[in-house]
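Protein chains in written order, with our numbering: chain W, 2 to 107; chain H, 61 to 574.
What follows is a single structure, written as structure tokens, with notes after it.
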Amino acid sequence: MGNNKPAINYDKIAEMGSFKQLVKKKNVFLWTITVIFLVAYMLLPILTSFTQILHHKAIGDITWVWIYSAGLFVMTWGLAHLYVSKANVFDKEAKEIIEEYERGVK
Amino acid sequence: MSPIAIIMFLAIVGLTLVITWWASRRTSTATDFYTAGGGLKGWQNGLAISGDYLSAASFLGIAGSIALTGFDGFFFSLGYLVAYLVVLYIVAEPLRNLGKFTLADMITARFDKSKVRGTAALSSIVIVLFYMIAQLVGAGALIQLLLGIPYWSAVLLVGFMMTIYVLFGGMTATSWVQIIKACLLMLGTVIISFLVLAKFNFNILTMFSYMSTATDAGEAYLNPGLKYTNGIDTISMLVALVLGTAGLPHILMRFFTVKDAQTARSSVIWATWIVGIFYVLTIFLGFGAAAFVGKEAIVAANPAGNMAAPLLAQALGGDILFSFVCAVAFATILAVVAGLVLSGASALSHDIYGQIIKKGKVTEKEQVVAARVGSIIIAVISIVLALGAQTLNVAFLVSLAFCIAASANLPVIIYTIYWKRFNTNGAVTAMLTGLISALILVAVSPNVWNPEAGKAIFVGDPLIMLTNPAIISVPLGFLGGVIGTLLSKESDEAKYREVDVKAQTGISVQDVSH
């Protein structure tokens, strides 16, 4: 509210090649990573419920299930930062698309 | 109670009331009330998300679970943490780009129908109420134990305090109470963990070796399987935890308190670190309690293990640390229930009253009045229900809230952003299928039915053996959306293109926000 810009033509942006490309790139990235971390996460209860392989000792009395869990923590922090660095690139591209659209309107 | 404990409780209550008084002077519009004017910084909102998230169930419940059941208790920590990736990757930014106050705002950015809004508000209110009752019953039992007052007066005390925060200070006060509480909670947890580690000469290997013989369970304590013996049930519970967070109304509401998607993103990063570190420390809380308090003393104080962390504080740090931890636990409960009241009130006052009954034709002043009235209604309902639910085993209410959030809210969020063909009919069926199937499946589960009297609400055989039905109800929610969509010919691609452009680029965030 409060901005005097003309109404945005969303159809026009949606039809732009650069926009379509960005959406595709974003979706491929987001869903690939999502599938990866969900699989890594769900594998833990599957392994612990139906096998004994994580019950063995890894380091001293620490069993593999703790090592796997620690891996999930590291994964979460790592993927959170990966997301931000990727999102910054996407932001820049989105800004360029908006600029491209605004040039076209004028 | 010792004088120190009384001073700590009074200090925390006093501090939060000062914040509320300060916030009340900055709360004049509906935007202020629901979203703190959308002006929180990334780190502030990150701490506030952590505050909303680290409920008494996390702090007291997980520490107690790990103390009593070893690794099995730690499953919760893992589920809650990885859930942030779902929020970050799938939900946070589009929600911030499309929404205003509530989840329903986001869905109706695409479907301008009161049916959709009403259904979304309904599922939000159901989730909030389940979550609230669990928190309030837990709070009542805890305050009863800490202050030595009867259960009913403990619930009324917490209920009264939370209503004051929300009523006068709105989201600004609630956020700051969350921020301060998150800091105090982290401080307390770090101190206890440090003391536990010191007992093991700061050697984690020594600690694990000690734990492998310290409990009745022996080496099994360090492996899963002590509590969760049904594999499918364990998997189902972990599905609810990881997918539920992204549909919890009070967490979703937190993305409207920041000005744009970048800030939403940065607040999730903050929350991921804070909550992650906290959950690592739950290992020390749980192990420490099992080693230095002992199972018998933990169970004697509270059968569910909820007193493990405070008792550990007492064992290692004496009365001062005990009083501090109890006061922080009290603040934790207050802050979380206040956040829940706000999200319930937003669904009731903004969605149902403002947008459906009054069709959006409400003045700013009426909106603020409606928000306050809605808060009182939600608060009163939850307090009354909590007073009647004293003897109920409430642990399943929390996992039920997660299950409904994952089954009813998440499918519709994902379809709204990513599926072009999705329509009004699909949105309504997705939410209703998820909500109703979760409720029915729980109603026939072992939480409600047990052949042995006193173990569940009713005596009898459960129809399904799952304590958490997410593994069935989440796919049903997604499926319901598909079927509902395909049964209706309606489709509006122009509207989808608009939503897609807004969600992907953040263009016109000024138009949809404030």
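Cβ atoms here follow ideal geometry from the backbone N, Cα and C, with glycine treated the same way.
Any beta carbon from chain W within less than 9 Å of residue i's own beta carbon?
i	result
V146 (chain H)	yes
T565 (chain H)	yes
V142 (chain H)	yes
L282 (chain H)	yes
L265 (chain H)	yes
M9 (chain H)	Here chain H has residues from 61 to 574 only, and residue 9 (chain H) is not among them.
I334 (chain H)	no
S118 (chain H)	no
R86 (chain H)	no
Y94 (chain H)	no
Q322 (chain H)	yes
S326 (chain H)	yes
E424 (chain H)	no
L495 (chain H)	no
L138 (chain H)	yes
Y113 (chain H)	no
V340 (chain H)	yes
G285 (chain H)	yes
E15 (chain H)	Nothing can be reported for residue 15 (chain H), as the shown portion of chain H is limited to 61 through 574.
F134 (chain H)	yes
I329 (chain H)	yes
F131 (chain H)	yes
E279 (chain H)	yes
Can you check whether the CB of residue j is closer than 9 Å to the CB of residue i?
i	j	result
A466 (chain H)	G434 (chain H)	no
V401 (chain H)	G414 (chain H)	no
V388 (chain H)	L244 (chain H)	yes
L470 (chain H)	G304 (chain H)	yes
A194 (chain H)	L457 (chain H)	yes
L206 (chain H)	C386 (chain H)	yes
A321 (chain H)	I150 (chain H)	no
D112 (chain H)	G336 (chain H)	no
S551 (chain H)	R481 (chain H)	yes
V215 (chain H)	A446 (chain H)	yes
T152 (chain H)	F338 (chain H)	Reading the sequence as shown, one finds Ala at residue 152 (chain H) and not Thr. No, Cβ-Cβ distance for A152 (chain H) and F338 (chain H) is not below 9 Å.
S505 (chain H)	P522 (chain H)	yes
G537 (chain H)	A461 (chain H)	no
I239 (chain H)	L107 (chain H)	yes
S442 (chain H)	G219 (chain H)	yes
A181 (chain H)	D411 (chain H)	yes
S269 (chain H)	Q104 (chain H)	no
V146 (chain H)	L39 (chain W)	yes
M231 (chain H)	F352 (chain H)	no
L452 (chain H)	V197 (chain H)	yes
I47 (chain W)	G291 (chain H)	yes
F119 (chain H)	T249 (chain H)	yes
T87 (chain H)	A233 (chain H)	yes
Y478 (chain H)	T545 (chain H)	no
L100 (chain H)	T317 (chain H)	yes
Does residue i have its Cβ less than 9 Å from a Cβ in chain H?
i	result
G61 (chain W)	yes
I47 (chain W)	yes
Y93 (chain W)	Sequence check: residue 93 (chain W) is Lys here, not Tyr. So, not an interface residue.
I54 (chain W)	no
V106 (chain W)	no
V40 (chain W)	no
V66 (chain W)	yes
Looking at the strands, I want to know which residues DSSP matches up with residue i.
i	result
T423 (chain H)	DSSP lists no partner for T423 (chain H).
F228 (chain H)	Answer by DSSP bridge pairing: none, since F228 (chain H) is not bridged.
F384 (chain H)	According to DSSP, which records beta bridges pairwise, F384 (chain H) is partnered with nothing at all.
V519 (chain H)	H:N510
I63 (chain W)	W:I60
What are the residues of the stretch 535-562 of chain H that lie near chain W, defined by any Cβ-Cβ distance shorter than 7 Å?
A554, R557, E558, D560 and V561
List in chain order: all unbroken alpha helix (DSSP H) runs of 4+ residues lying wholly within the stretch 445-514 of chain H.
455-464, 470-478 and 484-503
So if I threshold CB-CB distances at 7 Å, which residues from the stretch 288-313 of chain H count as touching chain W?
G291, T294, I295, L298 and V302
Compile a chain-ordered list of the residues in the stretch 69-91 of chain W whose CB is closer than 9 Å to at least one CB of chain H.
So the list reads S70, A71, L73, F74, M76, T77, W78, L80, A81, H82, Y84, V85, A88, N89 and F91, given in the order they occur along the chain.
Using a Cβ-Cβ cutoff of 9 Å, what residues of the stretch 456-486 of chain H are near chain W? List them in chain order.
Y478
Residues, ordered as in the chain, of the stretch 384-417 of chain H that lie near chain W by beta-carbon distance below 9 Å
none
Using a Cβ-Cβ cut-off of less than 8 Å, list which residues of the stretch 9-39 of chain W approach chain H; keep chain order.
I9, Y11, D12, I14, A15, F20, L23, V24, K27, N28, L31, I34, T35, F38 and L39
Check each residue of the stretch 251-277 of chain H: if its Cβ is closer than 7 Å to any Cβ of chain W, include it; give the result in chain order.
L265, F268, S269 and S272
Length-filtered (4 minimum) alpha helix (DSSP H) runs lying within the stretch 131-181 of chain H:
131-146, 152-158 and 163-168
Which residues, in chain order, does the stretch 146-173 of chain H contribute to contact with chain W at a C-beta distance below 8 Å?
V146, L148, Y149, I150 and E153
Which runs of the alpha helix (DSSP H) spanning at least 4 residues fall entirely within the stretch 78-135 of chain H, listed in chain order?
90-95, 102-113 and 123-129
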